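Here the structure is laid out as structure tokens; the discussion comes afterwards.
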Amino acid sequence: MKKILIIGATSAIARELAKRFAGRGDKLFLLGRDEGKLQIIHADLQIRGAAKVVYAAADLANTEKHAGLLQQVYKTLGEPDVVLLAYGTLGEQAQGEQDYTMAQQEFQTNFLSPVSWLTLLANDFARRGSGSIVVLSSVAGDRGRQSNYIYGAAKGGLSIFTQGLRNRLYHSGVHVLTVKPGFTDTPMTADMKKNFLFVSPAKVARDIEQALEKRQTILYTPWFWRFIMLVIKLIPEWLFIKLKL
Amino acid sequence: MLAYQSWNRYPSVRQKADILHWATDVLPDIQQGETLLPYGLGRSYGDVCLNQGGRILDTQNLNHFLHFDRAKGILRCESGVTLAQILSLIIPVGWFLPVTPGTQFITLGGAVANDVHGKNHHCAGNFGHHIRQFELLRSDGSVYLCSPQQNPEWFRATVGGLGLTGLIRWVEFQLIPINNPLIEVETVKFANIDEFFSLSKASAFDYSVAWLDGMAKGKSLGRGLFMQGNHAAPQWNHGYCMKNTRKLSIPIDFPGFTLNKLSIKLFNTLYYHKQIKKVSTGLAHYLPFFYPLDGVENWNRIYGAKGFFQYQCVLPYDNPAVIKEMLKTIANSGQASFLGVMKVFGDIQSLGLLSFPRKGFTLALDFRNHGEKTLRLLEALDVMVSANGGVVYPAKDTRMSAQHFQQFYPNWEDMLKFIDPHFSSGFWRRVTK
Ligand SMILES: Cc1cc2nc3c(=O)[nH]c(=O)nc-3n(C[C@H](O)[C@H](O)[C@H](O)COP(=O)(O)OP(=O)(O)OC[C@H]3O[C@@H](n4cnc5c(N)ncnc54)[C@H](O)[C@@H]3O)c2cc1C
Ligand SMILES: NC(=O)c1ccc[n+]([C@@H]2O[C@H](COP(=O)([O-])OP(=O)(O)OC[C@H]3O[C@@H](n4cnc5c(N)ncnc54)[C@H](OP(=O)(O)O)[C@@H]3O)[C@@H](O)[C@H]2O)c1
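As they're listed, the protein sequences go chains A and B.
For reference, each letter of the first sequence is one residue, going 24 to 268 in my numbering.
For reference, each letter of the second sequence is one residue, going 4 to 436 in my numbering.
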């Protein structure tokens, strides 16, 4: 039985993963901002077999609250074996191009506030010398594209941050997994036109659970995104700038 | 990627879809003249789950369990939870569904909206009989808590209400206790329809259903296999292991000729002679017993891209001559049915205004889509059914006439005042023309 902290527990991907943890009989602490949704997930996970489920609601991008929330987690759950950092927003790129405050908010949610969580958690995990930190980044962070470089830059920063963190924590026995999902059919992509590349959040969750068990470092999910992104990264910049991606 | 069809893949329609992500979501805004219709898993064989030119509400993500009283066997779930998901939760702790149709891949919302029945109708009635309460969301934002006691008129309109009264957000219902996942099964071969009736009358099992050889004519008209079972006794609890059968899948559309008369004859003969003895008994896992077709994924594609029809009717039990006449018409038409299922329903009054089940003999058959020819045959069957006091099942219909529907379901006009002004379906527009 593991103790698991989910930061952004209302995310569709996180919920599917939480169902798997609950089915194994784990103990869960859920953080999210919407109390009503947290209540629904709380009941569901308890019924599915979780040994314990606790939740707290707060704006997770507000870094001032982070230390206090973690204290609350440690008090009711104990120190977690696994942390999943899942929340994020996919803002309107066009709007961010016109309005810095919107871009700033995207960076706050998708990069800066995760850095705050990871800074606190890294030190606690390092002290204990065990456990796994799982961070949901994105394939969008692998190369800047005109259609979503604000989100992409935040996720790219997050990928590099977790990469460095992994390198640092490796020496104290802590596992850091960077997850790079491709198109996933969740509320985040509700307005996007769906094509054959879209997969269910349940599929992504299965892949993450497996990667967690195998202590993998970087997970592209589904697997073919590793090759798609490889090709995208290989396109020379003089050609790439001409493309409408 | 997101093609919303009915299980028989006919008619093929265009409609927009809104995916609901949370039971707390408000219903999407619609444009003037547009309508909404909830959609579960599209396991209906027809247009009760289709809304051509309008929008459908995909409920699959409303899949949270809300409350489970393990001591009393009372479960409350969001309406997009599937029977398969429920079974994997409840079976290990000694509970089973009170009523289940022949597939576990339907949603709770679909089970309520079609007031589905199963092999235990003669003992347990429909799914609706086991509902304690549910919540209904209307397009104007109002919410009704419905039970046989509270808002009973909304309860009656929504159970078997074909998704027209609003969105069912969650359902609470009563489970039944079991000792293990096994069924003690007895299978009896019968040579004709009279034997079927005597077997039905004599049967003392909780579950019973018969497989019909839809091709057999003359003296063997109505021959088949009678399958009956009970949940197994506790003595079988031990030494049992979950069978993990690999799924056989039909990934592509079969070319039409695989379902010609010959191949069906062959299939039927094999099935019929599978067991040589007159009576055989044994233990079966609940999956193959209740859900034999779920073992073949996408079996509906076997009928090719033109889709197929299913026809299910119920006729008063006391008139075997009519039933024989119907079977004869089907056998003689040469439009062989791949699958035929027969059962005798019990005397339990259905709760919904438009519920299908009622005392009598029910017959369900598949027909390959041969266009006009098939439509004429099915219309002829409707005429026989209506002349003899029977009704046809809306969940399995794509073609019955408005006149027949209104005759089968005289309550349809009472239904009108409960229909959400922003909800509609292809079926409803067709049968109320
Ligand atoms: C192999 C097979 C065997 C079957 N055996 C049986 C059987 O033995 N007995 C039987 O009765 N039926 C049987 N059926 C039919 C099936 O059980 C019903 O058609 C069932 O309603 C399908 O449920 P669904 O979730 O797929 O709903 P859909 O087919 O998607 O929708 C069915 C109806 O429910 C409404 N609906 C769905 N969700 C909601 C909601 N949340 N709120 C309000 N309305 C909603 C829809 O608008 C529609 O009118 C069988 C079907 C198959 C494929
Ligand atoms: N879907 C994809 O295609 C895709 C692809 C690559 C990567 N990802 C990443 O995967 C992660 C999970 O996303 P998802 O696909 O599961 O989408 P999702 O279901 O929309 O989840 C995003 C969640 O983040 C929460 N959130 C946003 N800002 C928050 C804040 N300030 N405080 C608290 N919670 C906040 C949202 O909460 P509310 O419910 O309260 O709004 C929402 O539950 C995200 O980091 C996303 O960037 C997704």
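For each residue, glycine too, the CB sits at the ideal point set by N, CA and C.
Every value quoted in this text rests on a predicted model; they were computed, and no experiment measured them.
Beta-carbon contacts of residue i that lie in its chain and below 7 Å, excluding the five residues immediately before and after
| i | result |
| --- | --- |
| residue 277(A) | Residue 277(A) lies beyond the stretch modelled for chain A, which goes from 24 to 268, so this question has no answer here. |
| residue 287(A) | This structure cannot settle anything about residue 287(A), because the visible part of chain A is limited to 24 through 268. |
| residue 167(A) | 175, 176 |
| residue 71(B) | 78 |
| residue 250(B) | Note on residue 250(B): pLDDT 45, under 50, position unreliable in the model; the coordinate value appears next. Hits under 7 Å: 298, 300. |
| residue 2(B) | As displayed, chain B neither begins before 4 nor continues past 436, which places residue 2(B) out of reach and without an answer. |
| residue 178(A) | 133, 160, 161, 163, 164 |
| residue 291(B) | 298 |
Supposed close pair residue i, residue j - CB separation, criterion 8 Å
| i | j | result |
| --- | --- | --- |
| residue 396(B) | residue 316(B) | 7 Å |
| residue 30(B) | residue 44(B) | Incorrect: roughly 20 Å between the Cβ atoms, too far for contact. |
| residue 168(B) | residue 423(B) | 6 Å |
| residue 59(B) | residue 116(B) | 13 Å between Cβ atoms; not a contact. |
| residue 418(B) | residue 384(B) | Incorrect: roughly 24 Å between the Cβ atoms, too far for contact. |
| residue 210(B) | residue 122(B) | 4 Å |
| residue 214(A) | residue 224(A) | 16 Å between Cβ atoms; not a contact. |
| residue 42(B) | residue 13(B) | Not confirmed; about 16 Å, so no contact. |
Chain-ordered chain A contacts of residue i [CB-CB under 7 Å]
| i | result |
| --- | --- |
| residue 25(B) | 60 |
Partners in chain B for residue i, counting only beta-carbon separations shorter than 8 Å
| i | result |
| --- | --- |
| residue 67(A) | 67, 68, 69 |
| residue 47(A) | In chain order: nothing, as chain B lies at least about 14 Å away. |
Chain-order list of residues whose beta-carbon lies under 6 Å from that of residue i (same chain, five-residue window excluded)
| i | result |
| --- | --- |
| residue 254(A) | none |
| residue 182(A) | 160, 164, 201 |
| residue 26(A) | 50, 100, 101, 103, 104 |
| residue 359(B) | 396 |
| residue 241(A) | 201 |
| residue 196(A) | 152, 153 |
| residue 45(A) | 68, 71, 72, 73 |
| residue 106(A) | 28, 144, 156 |
| residue 387(B) | 329 |
| residue 255(B) | Because the pLDDT of residue 255(B) is 48, which lies under 50, any placement of that residue in the model is unreliable, and the number read from its coordinates should be weighed accordingly. For residue 255(B), where only same-chain residues beyond five positions count, there are no Cβ hits under 6 Å. |
| residue 309(B) | 372 |
| residue 230(A) | 244 |
| residue 147(B) | 139, 154, 157 |
| residue 268(A) | 168 |
| residue 125(B) | 349 |
Identity of the residue in the options nearest residue i by Cα
| i | options | result |
| --- | --- | --- |
| residue 381(B) | 336(B), 354(B), 41(B), 26(B) | 336(B) |
| residue 226(A) | 237(A), 204(A), 212(A) | 204(A) |
| residue 357(B) | 98(B), 149(B), 163(B) | 163(B) |
| residue 404(B) | 237(B), 430(B), 420(B) | 430(B) |
| residue 321(B) | 79(B), 409(B), 410(B), 392(B) | 392(B) |
| residue 312(B) | 371(B), 349(B), 338(B) | 371(B) |
| residue 118(B) | 108(B), 107(B), 9(B), 133(B) | 133(B) |
| residue 248(A) | 88(A), 134(A), 35(A), 206(A) | 206(A) |
| residue 220(A) | 80(A), 64(A), 246(A), 35(A) | 246(A) |
| residue 237(A) | 55(A), 198(A), 265(A) | 198(A) |
| residue 37(A) | 98(A), 131(A), 232(A), 259(A) | 232(A) |
| residue 18(B) | 33(B), 55(B), 207(B) | 55(B) |
| residue 63(B) | 144(B), 304(B), 346(B), 82(B) | 82(B) |
| residue 367(B) | 159(B), 394(B), 390(B), 292(B) | 394(B) |
Contacts of residue i in chain A (Cβ-Cβ under 8 Å)
| i | result |
| --- | --- |
| residue 92(B) | 70, 71 |
Same chain, Cβ closer than 8 Å to residue i, five either side skipped, listed in chain order
| i | result |
| --- | --- |
| residue 185(B) | 234, 235, 239, 243, 286, 287, 288, 289 |
| residue 113(A) | 171, 174, 211, 212 |
| residue 108(A) | 30, 31, 137, 140, 141, 156, 157, 158, 159 |
| residue 153(B) | 136 |
Chain-ordered neighbours of residue i on chain B, where CB pairs are closer than 9 Å
| i | result |
| --- | --- |
| residue 63(A) | 25, 26, 27, 67, 69, 81 |
Q.
Short of 7 Å Cβ to Cβ, which residues in the segment 211 to 228 of chain A face chain B?
A. Close to chain B, meaning a Cβ-Cβ distance shorter than 7 Å, are the following residues of the segment 211 to 228 of chain A: 213, 217, 218, 219, 221.
Q | Against chain C: residues of the segment 12 to 41 of chain B by CB proximity under 8 Å | A | Absent here is chain C; the protein component of the structure consists of chains A and B.
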